[in-house]
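For any residue, its number in this note's numbering is found by taking its place in the sequence shown, counting from 1, and adding 107.
Ideal Cβ placement from N, Cα and C applies to all residues, glycine included.
Since the model is a prediction, treat every value here as computed from it, not as a measurement.
Input: a single structure, listed below in structure tokens.
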Amino acid sequence: MARVISSDCIMCGSCEGECPVSAISQGDSQYEIDGGACIDCGACEGVCPTGAISEE
Numbered sequence: 108m109a110r111v112i113s114s115d116c117i118m119c120g121s122c123e124g125e126c127p128v129s130a131i132s133q134g135d136s137q138y139e140i141d142g143g144a145c146i147d148c149g150a151c152e153g154v155c156p157t158g159a160i161s162e163e
């Protein structure tokens with residue numbers, strides 16, 4: 108199951124650098140996770156300062 112980023116995202120970019128498979132990219136109003144590429148490791152969730160990342 109892939110992780111998702113909610114509207115609580117503040118576009119800080121912390122999560123993008125933590126993703127070992129480059130499944131996170133900057134969207135128009137928040138960062139987005141490619142569900143097909145996400146390996147559900149949780150690395151991004153641990154660095155998000157607002158808790159915007161969770162399991163789908």
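Based on DSSP bridge pairs, tell me the residues matched to GLN133.
According to the DSSP secondary-structure assignment, GLN133 is paired through a beta bridge with TYR138.
Determine the direct distance from the alpha carbon of GLY143 to that of GLY124, and round the result to whole angstroms.
Whole-angstrom Cα-Cα distance: 18 angstroms.
Which first and last residues belong to the alpha helix (DSSP H) in which SER121 is found?
SER121 -> alpha helix (DSSP H) spans 121-125.
Rounding to the nearest angstrom, what Cα-Cα distance links CYS122 and CYS151 in this structure?
Taken atom to atom, the span from the alpha-carbon of CYS122 to that of CYS151 is near 5 angstroms.
ILE146, buried or exposed, once every other Cβ within 10 Å from all chains shown has been counted against 16
ILE146 should be labelled exposed.
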